[in-house]
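Colleague:
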Amino acid sequence: MLNRRLLLILFLAFLTFANSCDRKKKVDQQVQLEELAGGDSVNVVNPDEPAHLCVLKTGDLYIGNIGQTQCVVKVGFSSKEKLSGTYYVVDTNNLYMQAKPFTISVITDGSNYRWSAGGGKELFFDMKYQYNSYEVNGALQANRCIKVNLDRENLTYFSFRKYSEETKDALSSYRYQKPMFEVDCEKDVVYGHAVGPWTSLSIPDDKSYAQTLLPYVFKASNQKDLDLTMDIYTPRGDSLTKRPLVVLIHGGAFFFGDKHESEMIAQCSHLASLGYVAVSLNYRMGFEMSKASIQRCAFKAIQDAHAAMRFLSHFAEKYRIDKEWMYIGGSSAGSITAMSMVYMTDESRPKSTLKKHFAGKFGSLNSSGNSYTDKVKIRGLVNMWGALYEIDDVIAHPISIVSFHGTADKVVPCYKGYPFVQLNGKNGKGKLSSMYFDEMYGSNEIHEVLKGKNVHHKFYPLEGMDHAPWKGEDRKLNEVYYFIQEKMTAFLYEDLIYDVKLKKSGLGSYHVTSSEVKHSNWELQGGVILSQSPDEIEIRLFQDAPVHKLSVSGLLNNEAGFNLQISKLVN
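Under the numbering used here, the residues of the sequence shown are numbered 1 to 571, in order.
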């Protein structure tokens with residue numbers, strides 16, 4: 001280890017000649033080499049003139065090496081006669097650098113300099129500069145060095161540069177947070193074929209549910225070949241090659257509904273304007289009035305959801321979908337379908353679909369609709385007043401989920417209970433609901449079992465509201481719809497960056513916990529950055545700084561922006 005005072009002498013010798021003298025003189029071959037190297041920060045003092053110090057800007061930092069020792073100098077006061085400030089030695093065993101004062105002044109005879117540090121013994125020395133030339137790829141380069149002659153015996157070489165953090169364009173992206181794109185929609189894309197009663201049944205504005213239901217109850221047994229179709233919404237003019245996908249499935253009690261419903265168009269258009277690929281799909285609906293028929297109808301819808309996701313995974317490159325970021329969700333029956341698509345297995349499927357008469361007709365969960373075999377990985381769920389028949393799979397395989405549910409929902413229970421409890425009469429003592437439906441676990445129960453689990457989840461109970469409260473009596477979208485849109489937007493964005501953290505990886509070393517960092521800006525208060533890359537940084541801190549804070553902002557490969565910081569930095 002170099003003597004501390006010698007370290008200071010060498011360090012400040014650099015400051016004497018480097019950076020910001022007003023006059024520059026060309027002295028023999030040494031300065032010619034500097035010009036060849038393209039440098040302009042070294043200033044040469046004519047050795048025949050009286051010695052003087054370069055005037056440096058107060059507060060500037062300089063960082064460099066003397067041998068194997070790395071040092072930092074902070075300028076406190078600077079004039080042609082005197083230079084003072086604080087110096088720090090970069091310690092490989094300590095995050096914090098101790099501050100040590102120094103002063104250099106010109107001796108009146110103009111031939112030497114004097115060094116002093118806080119009442120310690122004064123040292124006198126003279127300095128000379130030189131350049132070492134070398135070649136890089138055939139081009140002549142110059143390496144700035146200063147020889148310090150202490151007591152005419154010891155010669156040491158060193159180089160320093162003015163310290164400044166890398167300046168980059170501000171990294172701000174509102175993608176996935178605010179609308180940024182116009183939207184294109186490819187309608188009626190066929191994702192499969194299957195047998196069933198129908199895939200679309202809208203309720204006319206001038207008719208009630210009951211008026212529409214009755215004529216179709218007796219048609220549910222009529223099976224025919226059906227095209228399974230979806231509408232694909234994409235951000236117009238988007239250049240990103242891999243984009244997150246959100247698939248939404250309409251509700252309607254497995255009897256009514258269509259992918260063109262106003263809420264489906266509005267939600268998918270909004271998501272695509274944020275930068276997602278959004279999909280609204282139709283699926284098989286229609287059942288006879290029995291519990292087993294209703295179960296089998298729901299099972300066919302789940303099969304169709306699997307088929308749709310396999311199709312989208314197979315054509316991910318065409319639609320520029322990132323298969324690592326696929327979400328699915330829906331409302332009411334659509335949410336039941338989406339959640340069951342994630343959690344239901346062939347072992348936990350309804351027994352009514354396994355009876356000999358139906359097992360061959362239905363096949364497995366993944367054997368219907370199309371022959372694509374692509375793997376599907378669901379990142380998260382959007383649940384709007386849906387429920388599950390089994391809760392154990394949620395506990396065993398938790399994934400990200402956001403839920404919205406009216407606490408007074410009589411159609412799909414928010415808690416544990418039976419669907420369509422209004423069938424039991426005003427006094428609630430009837431048993432029709434349990435006759436036609438199995439008991440279900442609603443949104444509240446789902447999120448109760450997720451508490452304490454290391455999974456991203458949020459539940460928004462809609463206090464006192466009944467089923468599907470996002471439309472008014474006029475069947476137009478209301479303020480509840482826009483509340484859901486706002487919270488769903490925020491949740492999905494949070495989920496894109498949920499696993500992106502800033503963590504310590506060693507003494508003075510920190511990293512972003514994602515392999516998908518595309519660009520980043522690091523900022524450090526109260527220290528210096530020794531090295532950095534988009535996802536890693538090495539730092540040292542000034543012991544005497546009032547604030548120590550490390551922050552990084554950046555973009556992932558999918559252009560989701562993140563901002564992270566650590567304000568408590570320890571060894």
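In this text, a Cβ means the ideal position worked out from N, Cα and C, and glycines have one as well.
Note that this is a predicted model, so its numbers are computed, not measured.
Under DSSP, the beta strand (DSSP E) around D322 begins and ends at which residues?
Modeller: Counting from 1 along the sequence shown, the entry for residue 322 is found at position 322. Per DSSP, D322 belongs to the beta strand (DSSP E) from 321-331.
Colleague: What is the DSSP secondary structure of D304, reduced to helix, strand or coil?
Modeller: Position 304 of the sequence shown, counted from the first residue, corresponds to residue 304. Residue state, collapsed to three classes: helix.
Colleague: Write down every uninterrupted run of the beta strand (DSSP E) in the stretch 507-565 whose length is 3 residues or greater and which is fully enclosed by it, in chain order.
Modeller: Counting whole runs of 3 or more residues, the stretch 507-565 contains the beta strand (DSSP E) stretches 509-512, 517-525, 527-532, 536-542, 549-556.
Colleague: Use the C-beta contact count for D409: other C-beta atoms within 10 angstroms, 16 or more gives buried, fewer gives exposed.
Modeller: Within the sequence shown, numbered from 1, the residue matching residue 409 stands at position 409. Result: buried.
Colleague: Find out if the Cβ-Cβ distance for the pair T337, Y283 is shorter than 8 Å.
Modeller: Counting from one through the sequence shown, the residue named residue 337 turns up at place 337. Counting from one through the sequence shown, the residue named residue 283 turns up at place 283. A contact, by the Cβ cut-off of 8 Å.
Colleague: L556: buried (16+ other C-beta within 10 angstroms of its C-beta) or exposed?
Modeller: Here residue 556 is taken as the residue at index 556 of the sequence shown, counted from 1. L556 is buried by the Cβ-count criterion.
Colleague: Use the C-beta contact count for K568: other C-beta atoms within 10 angstroms, 16 or more gives buried, fewer gives exposed.
Modeller: Numbered from its first residue, the sequence shown carries residue 568 at position 568. Looking at its Cβ environment, which holds fewer than 16 other Cβ atoms inside 10 Å, K568 is exposed.
Colleague: Quick check on the DSSP output: the beta strand (DSSP E) that includes A194 runs from which residue to which?
Modeller: Here the question's residue 194 lines up with position 194 in the sequence shown. Element bounds for A194: 183-196.
Colleague: Are H250 and E261 closer than 8 Å when you measure CB to CB?
Modeller: Residue numbering aside, residue 250 sits at position 250 when the sequence shown is read from its first letter. Residue numbering aside, residue 261 sits at position 261 when the sequence shown is read from its first letter. Yes, the pair counts as a contact, with Cβ atoms nearer than the cut-off.
Colleague: What does the alpha-carbon distance come out to for the pair D231 and I537?
Modeller: Translated into the one-based positions of the sequence shown, residue 231 becomes position 231. Translated into the one-based positions of the sequence shown, residue 537 becomes position 537. Distance between the alpha carbons of D231 and I537: 45 Å.
Colleague: Straight-line CA distance for I529 to I378?
Modeller: On the sequence shown, residue 529 is found 529 positions in, with the first residue counted as 1. On the sequence shown, residue 378 is found 378 positions in, with the first residue counted as 1. For I529 and I378, the distance between alpha carbons rounds to 39 Å.
Colleague: Assign N383 to buried or exposed, taking buried as 16 or more other Cβ atoms, counted over all protein chains shown, within 10 Å of its Cβ.
Modeller: The residue you call residue 383 lines up with position 383 of the sequence shown. Buried, by the Cβ-count rule.
Colleague: What are the boundary residues of the alpha helix (DSSP H) that A490 is part of?
Modeller: As a working mapping, residue 490 is identified with position 490 in the sequence shown. Taken as a continuous stretch (DSSP letters only), the alpha helix (DSSP H) holding A490 covers 479-496.
Colleague: Going by C-alpha to C-alpha distance, which of S400, E473, T69, H306 sits closest to Y191?
Modeller: Against the sequence shown, residue 191 aligns to sequence position 191. Ranking S400, E473, T69, H306 by Cα distance to Y191 puts H306 first.
Colleague: Give me, in chain order, the residues of the same chain whose beta-carbon lies closer than 6 Å to that of Q177; leave out the 5 immediate sequence neighbours on both sides.
Modeller: Along the sequence shown, read from residue 1 onward, the residue named residue 177 stands at position 177. Closer than 6 Å at the Cβ level, and outside the excluded window around Q177, lie Y493.
Colleague: Quick one, which of H456, S79, F420 has its alpha-carbon nearest S433's?
Modeller: In the sequence shown, residue 433 corresponds to position 433, counting from 1. Among H456, S79, F420, the Cα nearest to that of S433 belongs to F420.
Colleague: What beta strand (DSSP E) runs, 3 residues minimum, are completely inside the stretch 348-405?
Modeller: Those beta strand (DSSP E) runs which fall completely within the stretch 348-405 and span 3+ residues are 378-384.
Colleague: Just to confirm before moving on: does the CB-CB distance between L462 and G406 stay below 8 Å?
Modeller: Counting from one through the sequence shown, the residue named residue 462 turns up at place 462. Counting from one through the sequence shown, the residue named residue 406 turns up at place 406. Yes, they are a contact pair.
Colleague: Around the C-beta of F311, are 16 or more other C-beta atoms found within 10 angstroms, so that it is buried, or is it exposed?
Modeller: Taking the first residue of the sequence shown as position 1, residue 311 is located at position 311. The residue in question, F311, is buried, as its Cβ has 16 or more Cβ neighbours within 10 Å.
Colleague: Which runs of the beta strand (DSSP E) fall wholly inside the stretch 71-111 and span at least 3 residues, in chain order?
Modeller: Listed in chain order, the complete beta strand (DSSP E) runs (minimum 3 residues) inside the stretch 71-111 are 82-89, 100-106.
Colleague: Short check: CB of A576 to CB of T234, under 8 Å?
Modeller: In this structure the chain extends from 1 to 571, so residue 576 is not present and cannot be described.
Colleague: Using three-state DSSP, classify M230 as helix, strand or coil.
Modeller: Along the sequence shown, one-based indexing puts residue 230 at 230. It is a strand residue.
Colleague: Thinking C-beta only, is V449 closer than 8 Å to V394?
Modeller: Stepping through the sequence shown from its first residue, residue 394 is reached at position 394. Stepping through the sequence shown from its first residue, residue 449 is reached at position 449. Contact: yes.
Colleague: Is the stretch 511-529 touching the stretch 74-85 in the sense that three or more CB pairs, one from each, lie closer than 8 Å?
Modeller: Taking 8 Å as the limit for Cβ pairs, the verdict is that the stretch 511-529 does not touch the stretch 74-85.
Colleague: Along the chain, where does the beta strand (DSSP E) containing S239 start, and where does it finish?
Modeller: Counting from one through the sequence shown, the residue named residue 239 turns up at place 239. Premise fails: S239 is in no beta strand (DSSP E) and is neither H nor E.
Colleague: Determine the closest residue to E523 out of L502, S514, L507, T513, with distance taken between C-alpha atoms.
Modeller: Within the sequence shown, the letter at position 523 stands for residue 523. Nearest of L502, S514, L507, T513 to E523, Cα basis: L502.
Colleague: Can you check whether the CB of P197 is closer than 8 Å to the CB of K219?
Modeller: To locate residue 219, count along the sequence shown from 1; it is residue 219. To locate residue 197, count along the sequence shown from 1; it is residue 197. The answer is yes: Cβ separation under 8 Å.
Colleague: Which of helix, strand or coil does DSSP assign to R310?
Modeller: Counting from one through the sequence shown, the residue named residue 310 turns up at place 310. Of the three classes helix, strand and coil, the one that applies to R310 here is helix, per DSSP.
Colleague: Tell me, please, which residues DSSP counts as bridged to A278.
Modeller: What you label residue 278 is simply residue 278 of the sequence shown in a count that begins at 1. Beta-bridge pairing links A278 to Y233, V246.
Colleague: Is there a C-beta anywhere in chain D that falls below 8 Å from the one on Y163?
Modeller: No chain D is present in this structure, which holds just one protein chain.
Colleague: Exposed or buried, R540, counting other C-beta atoms within 10 Å across all chains shown (16 or more means buried)?
Modeller: In the sequence shown, counting from the first residue as 1, residue 540 sits at position 540. Buried, by the Cβ-count rule.
Colleague: Count the other CB atoms within 10 Å of the CB of G237; is the residue buried (16 or more) or exposed (fewer)?
Modeller: In the sequence shown, residue 237 corresponds to position 237, counting from 1. Classification of G237: exposed, given that the 10 Å Cβ count is below 16.
Colleague: Among all the DSSP beta bridges, which residues are the ones paired with R161?
Modeller: Position 161 of the sequence shown, counted from the start, is the residue given in the question as residue 161. I63.
Colleague: Tell me, which residues are paired with L201 by DSSP?
Modeller: The count along the sequence shown starts at 1 and reaches residue 201 at position 201. Answer is G257, bridged to L201.
Colleague: Exposed or buried, A253, counting other C-beta atoms within 10 Å across all chains shown (16 or more means buried)?
Modeller: By one-based count along the sequence shown, residue 253 stands at place 253. A253 comes out buried.
Colleague: One question on the structure: do F315 and T353 come within less than 8 Å of each other, judged by their Cβ atoms?
Modeller: Stepping through the sequence shown from its first residue, residue 315 is reached at position 315. Stepping through the sequence shown from its first residue, residue 353 is reached at position 353. The answer is no: Cβ separation not under 8 Å.
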